[in-house]
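Below is one structure, written out as structure tokens; comments come after it.
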Amino acid sequence: MEKLQQVLLSRVFKSINKQIILLVFSYIFIFEAKLKQKLNQIVLLVLEAYDTKRTSLIFNKI
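The sequence shown runs -6 to 55 under my numbering.
See below:
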């Protein structure tokens, strides 16, 4: 998440237009909030599936 922020911010600061900078900042926060919400939902589903069925919805890729 931090690397994504760094990339987006580095591109934004190259822009001189302050409105674009503010717009991108607001999009970053909206994106992070949606991503965290979605990840929480997925984690809950995975934990529930593992606790009840002892199966994993996420495959081990080691």
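We put the CB at the ideal spot given by N, CA and C, even for glycine.
Quick check on DSSP: helix, strand or coil for residue i?
i: N10; result: coil
i: R87; result: Residue 87 is absent from the model: the chain starts at -6 and stops at 55.
i: T48; result: coil
Going by the CB atoms, is the gap between residue j and residue i shorter than 8 Å?
i: I21; j: Q(-1); result: no
i: V39; j: S49; result: yes
i: E41; j: M(-6); result: no
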